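Residue numbers (the numbering used here): 1315 to 1571.
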């Protein structure tokens, strides 16, 4: 049975893998997950018949800690002996792909969700850019979630056209349209949420789904919404996602949430 390892940085990334893991299992793959600890990734592994190794990744640059994590990943890879490795996210992707290269694992795939270096400046920006460049360089294939991101990464010379692929029109895992159907359970859940949020149905709704941290631009989003609210009083902003303490938004922004 061929063995594939999928690596992500945090438990929240389980949302990018739902259905993908079980699909690979039905195609005869043994799937092993490497991820930061958390309930979401544990539930995914159990539900979709994968095994899980937890690694305490952090976005912060910490040479000694990152070196310990690298050796931990090397031990996991030596033990599992995977046929294919697919890693995503900046820190976890860099460390997992580097470990694969050191162990000469041939099928090294990196999934590029975005460029973390776009939000960094100075020496840290240069360092993150080099890490992204080496991650892509050491990978055999780079899966990019959109054509616009692919072109942007190529223009910044982080990625080469020959190595990069966008599947169909781009996505990290497609869209499960059944989850958004107007089924009775979904309609009842929507009705409860409208009641809890005291919505009348006349509001103009704006939404964000993802990790709540500074890097994602939450502070800019809130500032822009405040400007919009002065012009459109019935506008409402809904933010859904886990709050990350490792890259926190300002106290002012959190107070508005």
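Don't be surprised by glycine CBs; every beta carbon is placed ideally from N, CA and C. These numbers come from a predicted model, not from an experiment.
The three-state secondary structure of residue 1424, taken from DSSP, is strand.
Going by DSSP, residue 1401 is part of no alpha helix (DSSP H) but of the beta strand (DSSP E) stretching over 1398-1402. As computed with DSSP, residue 1522 is found in a beta bridge with 1553. If you look at residue 1340, you'll find it in the alpha helix (DSSP H) that goes 1334-1340. Judged by DSSP secondary structure, residue 1443 falls within the alpha helix (DSSP H) whose first and last residues are 1436-1452. Between the alpha carbons of residue 1444 and residue 1373 lies a gap of roughly 15 Å.
The residues 1349, 1350, 1351, 1352, 1353, 1354, 1355, 1356, in chain order, have a CB closer than 8 Å to that of residue 1325 in the same chain once the five nearest residues on each side in sequence are set aside. Nearest in C-alpha terms to residue 1332, of all of 1439, 1480, 1394, 1362, is 1362. Counting C-beta pairs closer than 8 Å gives three or more between the region 1415-1423 and the region 1388-1399, which meets the contact rule. Inside the region 1472-1530, DSSP marks whole alpha helix (DSSP H) runs of 4 or more residues at positions 1498-1510, from first to last along the chain. In the same chain as residue 1426, and ignoring 5 residues on each side of it, the C-beta atoms closer than 6 Å to its own belong to 1456, 1458, in chain order.
Judged by DSSP in its simplified three-state form, residue 1321 adopts strand. Taking a contact as a CB-CB distance under 8 Å, the pair residue 1330 and residue 1486 counts as one, their CB atoms being some 5 Å apart. Between the region 1513-1530 and the region 1559-1568, the count of Cβ pairs shorter than 8 Å is three or higher; the stretches touch. Counting the other CB atoms within 10 Å of its CB gives residue 1392 a total below 16, which places it among the exposed residues. Residue environment: residue 1408 is assigned as buried (16 or more neighbouring CB atoms within 10 Å of its CB, all protein chains considered).
Closest in alpha carbon position to residue 1370, among 1342, 1341, 1344, 1405, is 1405.
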